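Report on one structure; see the data block that follows.
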Amino acid sequence: MKVLVATEKPFAKVAIDGIKSVIEGAGFELALLEKYTEKKQLLDAVADADAIIIRSDIVDAEVLDAAKNLKIVVRAGAGYDNVDLAAATAKNVCVMNTPGQNANAVAELALGLMVYGVRNLYNGTSGTELMGKKLGIHAYGNVGRNVARVAKGFGMEIYAFDAFCPAEVIEKDGVKALSSVEELYSTCQFVSLHIPATAETKNSINYELLNKMPKGAMLINTARKEVINEPEVIKLMEDRADFRYMTDIMPAANAEFAEKFAGRYFSTPKKMGAQTAEANINAGIAAANQIVGFLKDGIEKFRVNK
Ligand code: 3PG
């Protein structure tokens, strides 16, 4: 059996070493396609793969068609909006993610972006502090929970809204559960996004919602760029000189944001929330173990296409 790691943005070497030992320890072969630049390279590499480990790499119908032996794709990470689930199901290919494995890394980056923002992008001028400020966590999954844990250490007052997570679960962590998304945005000066990109959430972070935020508002996005209505956020930031946007997912209109909102806008050059040795090891090795469990024993825990 051949397991391919296909990562345009590669794992840390130490994670590859761990993946290799799990895959080879199970008697399988490991192949690597890292830092590829053309889709053709991926199409060629998947031709004889029985399993693939990916990150944000696009696995669409064309890739699935090219992978004649494919049985399983594991997205080493949380969001699987980069995989065509319907096409995978049609080809009887199992798709899994590795929930929670990179959550702490993303949460630490979210807080890092907040500090960078309130300290005026470290430009030497007097900034503000996070202690005592209201933080809204938009969706209380693995990353949201970790953001709450880290933000507590900063002394923030923490609120969350999650349409699917019961209030009791949120409140057990000492976080105030709010009953609507509008309430979250009108209550909190800081909002950290942890929603997936789905048909319902795409473009949902818009002018009307963000304009509810109190003075000195900051939106932190370590989730997905698709959830942002970019033209409306640009309009809002034109209308509100107090509004700041810190993102780990470069918007399509990055140049316009950077030019118009210098000092209150920042984007990482490449999504780096999960780009730590620890997260790579956790997610990469979990993916390798899930593949071995599936191919050897048919274990389907963490399957996302039913
Ligand atoms: C995720 O969904 O797990 C994160 O967005 C990380 O994505 P990455 O593996 O491409 O860094």
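In our numbering, the protein residues as written are 1 to 306.
All C-beta atoms in this analysis are idealised placements derived from N, C-alpha and C, irrespective of residue type, glycine included.
The structure displayed is predicted, hence computed values, not measured ones.
- Annotation note: the segment 100-150 contains the following uninterrupted beta strand (DSSP E) runs of length 3 or greater, listed N- to C-terminal: 134-138.
- When 303, 305, 293 are compared, the shortest CA-CA separation from residue 27 is found for 293.
- DSSP, read as helix, strand or coil, puts residue 160 in strand.
- Near the ligand 3PG, meaning a Cβ closer than 6 Å to any of its heavy atoms, lie the following residues in chain order: 9, 55, 56, 77, 78, 79, 102, 271, 273, 274, 275.
- For residue 283 against residue 155, the beta-carbon gap comes to about 30 Å, at or over 8 Å, which does not count as contact.
- C-alpha of residue 242 to C-alpha of residue 88: approximately 45 Å in a straight line.
- When Cβ pairs closer than 8 Å are counted between the two stretches, the segment 68-75 is seen to touch the segment 45-52, the count reaching three or more.
- When only Cα atoms are considered, residue 56 and residue 220 end up about 20 Å apart.
- In the three-state reduction of the DSSP assignment, residue 198 falls in the coil class, being assigned neither a helical nor a strand state.
- The residues 81, in chain order, have a CB closer than 8 Å to that of residue 198 in the same chain once the five nearest residues on each side in sequence are set aside.
- Residue 164 sits exposed, since fewer than 16 C-beta atoms from the chains shown fall within 10 Å of its C-beta.
- Residue burial annotation: residue 125 is exposed, with fewer than 16 other C-beta atoms found within 10 angstroms of its C-beta.
- Annotation note: the segment 209-261 contains the following uninterrupted beta strand (DSSP E) runs of length 3 or greater, listed N- to C-terminal: 218-221, 244-247.
- For the pair residue 116 and residue 122, the Cα-to-Cα distance works out to about 6 Å.
- For residue 178, the closest C-alpha among the options 94, 158, 190 is that of 158.
- For residue 5, the enclosing beta strand (DSSP E) starts and ends at 2-7.
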